[in-house]
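Engineer: For the sequence shown, our numbering begins at 718 and goes up steadily by one. Just passing along the structure, written as structure tokens.
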Amino acid sequence: MANEPGRLEQYRRAFQKYASAEKDGERVMSRDDFLAAVAPGEDFKKIKREQYELLYRLADRKGQGVVTLDEFVIFQDLIAKPDAEYEVAFRFFDVNGTGRVTFDEFKQVLSSHMPEDAVPFDFDCDWLKLYVGSKEGHQELSYHEFTQLIKGLQGERLRQEFKHYDKDQTGFILPEDFKKIILDVAKHKLSDDVIDHLPTLCNLYTGNKVSFASVVAFHNVIRNMDMVQSVIQKAMEASKDQKITKADFLKHAHEASRYTAFTPMEVDVLFHFAGVDEDSGLLGSDDFARVLDPRWTGPVQPVLLPETVQDRGVLWQMADSAYSFTLGSIAGAVGATAVYPIDLVKTRMQNQRSKVVGELLYKNSLDCFKKVLKNEGFTGLYRGLGPQLVGVAPEKAIKLTMNDLVRGLFTTRQKGEIKFWQEMVAGGAAGASQVVFTNPLEIVKIRLQIQGEQAKHMPDAPRRSALWIVKHLGIVGLYKGVAACLLRDVPFSAIYFPAYAHLKKDIFHEGPDHKLNISELLMAGAIAGMPAAYFTTPADVIKTRLQVEARKGQTTYSGIADAAKKIYAEEGFKAFFKGGPARIFRSSPQFGVTLTVYEILHQWLPLPGHGPPSGSQKAIQQTEAVAQRQLFQSTNALKMLLDLDYRFGVYQNRMHKE
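Structure (structure tokens):
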């Protein structure tokens, strides 16, 4: 398998990434390097470090205490085989490397790797004699014969342990003894929830003990979990509410094979542990998913490390950047246009002074909307839209890029985690970076929006174009109110981006197996924008007052503090939240619409050779999938050994260390 296109290169990359030691001028892997490579992210709680070290001993073919590139490739090729768990087990029991396993080797390896407190295995049992013969003439087992023996060994251990606890041969054991048996042969596979509820099996039928039939039924369910999941999936597909009963399961299990795959008792056991908190007997996928430990949910499909944008050369990077920038600009323009009338009403309301300096033009936002429409027509609602559209492209590009960049710097490489305060810093940095573009464009937009209002009081006042305003203000004038703009945009983004990320993750459950649909993206964007927009309204009011050219008789402001002081003195505290509802109704849908349009554009206008919308996020997901696949394969390679006893190898390694 190592010679598959790209696979060998992937192994080399992994080796180069983790190998930190050097021997005889050659880069090699230490024990820690090897474990980091084959068990990325493993906490060594369910499956111990010593047990993964069994694989290290297997990879270190020459016993030199290090693993070379060739040895690493050979090992990866081994655990990628479909029968890897049998191959690994056979190599451990074939102590002398003869290609056959003798009775003495089998006994020595099994005994030495089991903990001292384990129920002793009876090597003189009739079951084992069927495979190796009598003491007088033990036969040696070939690889294929050994695989049959090792597959049935767990069932024999189950029988021997039940017999050990059932000393009076009643056919029943205590619930706590049942738990000990199951933990010995299956603890590594079971979820913590099932482990905690193991003794409750006695409640499934009448009595306070567990029968041998129940023990076997439970064991068969765990051993055939892949078949269980296949039946559940088909049954769920046929169910309208994605929930099934025991009858549904049995029906689809019968249809899935020529012979009945599961007994009624096995189905009872499955539903008992999957639905410990559900009395209705109607279970969903989440209920069944909690039976097994998450690491045993199945192998991740083979995924090669993604070809990153950097790997494709400078021209591709430029094309990719231009593609994302263009679609982001279009999406931002659509979002801005959709809510622009609300933005105009917001600006007019925030600039409206108190009765001290003149008559109030508008009673409220709705009244403002009606009067603009009446006095200035439909086009009046879009006055100043041009500069806004020009500013959307750099604003969105800079803001999103800066947020992703800072989040990437804070996010831990190993677990992909980021603290909440770090998310806020990333959002704040994004908000600060956009002000370079947005402040000049907003001051032009605001002055254009106010012109229609001024025309009512000064009919002879000339209409100024955006270009005239830019020339009149100059560079310094275009950045008037920039401090207030920062005061608004930094906290806005510091609130918005973390809220948006957590809404997608915690409320809408975005993940590798669940891509958010359009309505979910709209909701996440809209909800996140609500608190961000409202709580930054005071800063927006001050910014607007500083950037609007005051009419004759109106109060002028020299800065943020001066504006805040005079607004409060003349108009009261409520003035700081003028246009607050309009900001919510503008910002919330604007972000939702922008994200939705962005997703649709990616689907309608895909860049040739380009992945799904979030290219960088997809690359991260693919890299994580590779890590998960490596973890599954290395864990899967230990499966047969762990099935003998979940502590297999821990005791032996401790003896060596002593």
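The beta carbon of each residue, even a glycine, is placed where N, CA and C say it ideally should be.
#1: Run through DSSP, which three-state label would isoleucine 961 get?
#2: DSSP on lysine 765, reduced to helix/strand/coil?
#3: Could you give the distance in angstroms between the alpha-carbon of phenylalanine 1214 and the alpha-carbon of aspartate 901?
#4: Taking the DSSP output, what are the residues bridged to lysine 740?
#5: Determine the contact status of proline 1255 and serine 1082, defining contact as a CB-CB distance below 8 angstroms.
#6: Thinking C-beta only, is glutamate 972 closer than 8 angstroms to asparagine 937?
#7: Leaving out five residues on either side along the sequence, give the residues of the same chain with a beta carbon under 6 angstroms from the beta carbon of leucine 1102.
#8: Would glycine 1052 pass as a contact of threonine 1311 if the rule is Cβ separation under 8 angstroms?
#9: Note down the Cα distance separating phenylalanine 1005 from glycine 992, rounded to an integer number of angstroms.
#10: Apart from the five residues just before and just after glutamine 1307, which ones in its own chain have a Cβ nearer than 6 angstroms to its Cβ?
#11: Residues in its own chain within less than 8 angstroms of aspartate 965 by CB, not counting five upstream and five downstream?
#12: How would you call glycine 736, buried or exposed, if buried means at least 16 neighbouring beta carbons within 10 angstroms?
#13: Excluding sequence positions up to five away, which residues of its chain have a Cβ less than 6 angstroms from the Cβ of glycine 850?
#14: Please report the Cβ distance between tyrosine 1274 and lysine 1260, rounded to the nearest whole angstrom; I am assuming they are in contact, meaning their Cβ atoms lie under 8 angstroms.
#15: Have a look at lysine 897 and leucine 725 and give me their C-alpha separation to the nearest angstrom.
#16: With a 10 Å radius around its C-beta and 16 neighbouring C-beta atoms as the bar for buried, classify tyrosine 1285 as buried or exposed.
#17: Check the DSSP bridge columns for serine 928 and list the partner residues they point to.
#18: Under a Cβ-count criterion, where at least 16 other Cβ atoms within 10 Å of its own Cβ denotes burial, should asparagine 813 be classed as buried or exposed?
#19: Does the distance from the CB of serine 1210 to the CB of glycine 1276 come in under 8 angstroms?
#20: Any idea what DSSP makes of valine 784, helix, strand or coil?
#21: With H, G and I counted as helix, E and B as strand and the rest as coil, what does DSSP make of valine 818?
#22: Less than 8 angstroms separating the beta-carbons of glutamine 871 and aspartate 1360?
#23: Relative to the C-alpha of leucine 1220, which residue among Glu1237, Phe1290 and Leu918 is closest?
#24: The alpha helix (DSSP H) that contains arginine 808, what's its start and end?
#25: How is the alpha helix (DSSP H) around asparagine 1092 delimited, first residue to last?
#26: Let's see if you can read the secondary structure: which residues bound the alpha helix (DSSP H) around phenylalanine 838?
#27: Would alanine 806 and phenylalanine 792 be called neighbours here (beta carbons separated by less than 8 angstroms)?
#28: Among Phe1095, Ser1046, Ala1048 and Arg1100, whose alpha-carbon lies nearest the alpha-carbon of arginine 1065?
#29: Provide the residue span of the alpha helix (DSSP H) that contains glutamine 950, from first to last.
#30: Just mark valine 1062 as buried or exposed, buried being the case when its beta carbon has 16 or more other beta carbons within 10 Å.
#31: Residues bridged to leucine 858 by DSSP?
#32: For the alpha helix (DSSP H) that contains histidine 1226, what are its first and last residues?
#33: Counting Cβ pairs closer than 8 angstroms, one from the segment 823–834 and one from the segment 777–786, do we hit at least three?
#34: If you count every other CB in all the chains shown that lies within 10 Å of the CB of phenylalanine 1137, and 16 or more means buried, which is it?
#35: What is the rounded straight-line gap between the Cα of leucine 1122 and the Cα of alanine 1218?
#36: Quick one: Cα of methionine 1141 to Cα of leucine 771, how far?
Structural biologist: So, from the listed chains and residues:
#1: Counted from its first residue, the sequence shown places residue 961 at position 244. Strand, per DSSP.
#2: The sequence position of residue 765 within the sequence shown is 48, counting from 1. Correct three-state label for lysine 765: coil.
#3: Residue mapping note: residue 1214 aligns to position 497 of the sequence shown, counting from 1. Residue mapping note: residue 901 aligns to position 184 of the sequence shown, counting from 1. Going by the C-alpha atoms only, they are around 47 angstroms apart.
#4: As a working note, residue 740 is residue 23 in the sequence shown. Answer is Glu743, bridged to lysine 740.
#5: Counted from its first residue, the sequence shown places residue 1255 at position 538. Counted from its first residue, the sequence shown places residue 1082 at position 365. Not in contact: proline 1255 and serine 1082 (Cβ atoms no closer than 8 angstroms).
#6: Numbered from its first residue, the sequence shown carries residue 937 at position 220. Numbered from its first residue, the sequence shown carries residue 972 at position 255. No, the Cβ-Cβ distance between asparagine 937 and glutamate 972 is not below 8 angstroms.
#7: Here residue 1102 corresponds to residue number 385 of the sequence shown, with the count starting at 1. Excluding positions up to five away in sequence, the list reads Tyr1057.
#8: Taking the sequence shown and counting its residues from 1, one reaches residue 1052 at position 335. Taking the sequence shown and counting its residues from 1, one reaches residue 1311 at position 594. Yes, these two residues count as a Cβ contact at 8 angstroms.
#9: Sequence index remark: in the sequence shown, residue 1005 carries index 288 (1-based). Sequence index remark: in the sequence shown, residue 992 carries index 275 (1-based). So the two alpha carbons sit approximately 8 angstroms from each other.
#10: Numbered from its first residue, the sequence shown carries residue 1307 at position 590. If we look at glutamine 1307 and ignore the five residues flanking it on each side, its Cβ neighbours are Gly1052 and Val1056.
#11: Here the question's residue 965 lines up with position 248 in the sequence shown. Counting only Cβ-Cβ distances below 8 angstroms, and skipping sequence neighbours, we find Ala952, Ala955 and Ser956.
#12: Counting from 1 along the sequence shown, the entry for residue 736 is found at position 19. The sequence shown places alanine at residue 736, not glycine. Buried.
#13: Position 133 of the sequence shown, counting from 1, holds the residue named residue 850. Same-chain partners within the cutoff: Gln856.
#14: The residue given as residue 1274 occupies position 557 in the sequence shown. The residue given as residue 1260 occupies position 543 in the sequence shown. Not quite, the Cβ-Cβ distance comes to about 11 angstroms (not below 8 angstroms), so this is no contact.
#15: Here residue 897 is taken as the residue at index 180 of the sequence shown, counted from 1. Here residue 725 is taken as the residue at index 8 of the sequence shown, counted from 1. Rounded to the nearest angstrom, the gap between the Cα atoms of lysine 897 and leucine 725 is 43 angstroms.
#16: Residue mapping note: residue 1285 aligns to position 568 of the sequence shown, counting from 1. Its Cβ having fewer than 16 others within 10 Å, tyrosine 1285 is exposed.
#17: In the sequence shown, counting from the first residue as 1, residue 928 sits at position 211. Serine 928 is bridged to Phe889.
#18: On the sequence shown, residue 813 is found 96 positions in, with the first residue counted as 1. Asparagine 813 counts as exposed, since fewer than 16 other beta carbons sit within 10 angstroms of its beta carbon.
#19: The residue labelled residue 1210 in the question sits at position 493 within the sequence shown. The residue labelled residue 1276 in the question sits at position 559 within the sequence shown. Contact flag unset, no.
#20: As a position in the sequence shown, residue 784 is number 67, starting the count at 1. It is a strand residue.
#21: On the sequence shown, residue 818 is found 101 positions in, with the first residue counted as 1. Shown here, valine 818 sits in a strand according to DSSP, grouped into three states.
#22: Walking along the sequence shown from the start, residue 871 turns up at place 154. Walking along the sequence shown from the start, residue 1360 turns up at place 643. Going by C-beta atoms, glutamine 871 is nearer than 8 angstroms to aspartate 1360.
#23: Within the sequence shown, numbered from 1, the residue matching residue 1220 stands at position 503. When only C-alpha atoms are compared, the closest one is Glu1237.
#24: Stepping through the sequence shown from its first residue, residue 808 is reached at position 91. Unbroken alpha helix (DSSP H) run through arginine 808: 801–810.
#25: Here residue 1092 corresponds to residue number 375 of the sequence shown, with the count starting at 1. Looking at the DSSP string, the run of the alpha helix (DSSP H) that includes asparagine 1092 is 1082–1093.
#26: Residue 838 sits at position 121 when you count from the first residue of the sequence shown. Careful: phenylalanine 838 lies outside any alpha helix (DSSP H) and carries neither H nor E.
#27: On the sequence shown, position 89 is the one that residue 806 refers to. On the sequence shown, position 75 is the one that residue 792 refers to. Contact flag unset, no.
#28: Translated into the one-based positions of the sequence shown, residue 1065 becomes position 348. Ranking the options by Cα distance to arginine 1065, first place goes to Arg1100.
#29: Reading the sequence shown from its first residue, position 233 is the one you call residue 950. Its alpha helix (DSSP H) spans residues 942–954.
#30: Within the sequence shown, numbered from 1, the residue matching residue 1062 stands at position 345. In this structure valine 1062 is buried. Its beta-carbon is surrounded by 16 or more other beta-carbon atoms within 10 angstroms.
#31: For the purposes of this step, residue 858 is identified with residue 141 of the sequence shown, where counting begins at 1. DSSP, once it has assigned bridges, lists Val818 as partnering leucine 858.
#32: On the sequence shown, position 509 is the one that residue 1226 refers to. That residue, histidine 1226, is in no alpha helix (DSSP H); it is neither H nor E in DSSP.
#33: Too few Cβ pairs lie closer than 8 angstroms, so no.
#34: Locating residue 1137 in the sequence shown gives position 420, where the first residue counts as 1. Answer is exposed; the Cβ neighbour count stays below 16.
#35: As a first step, residue 1122 must be located in the sequence shown, where it is residue number 405. As a first step, residue 1218 must be located in the sequence shown, where it is residue number 501. C-alpha separation (whole angstroms): 15 angstroms.
#36: As a first step, residue 1141 is located in the sequence shown; it is residue number 424 there, counting from the start. As a first step, residue 771 is located in the sequence shown; it is residue number 54 there, counting from the start. Distance between the alpha carbons of methionine 1141 and leucine 771 is about 44 angstroms.
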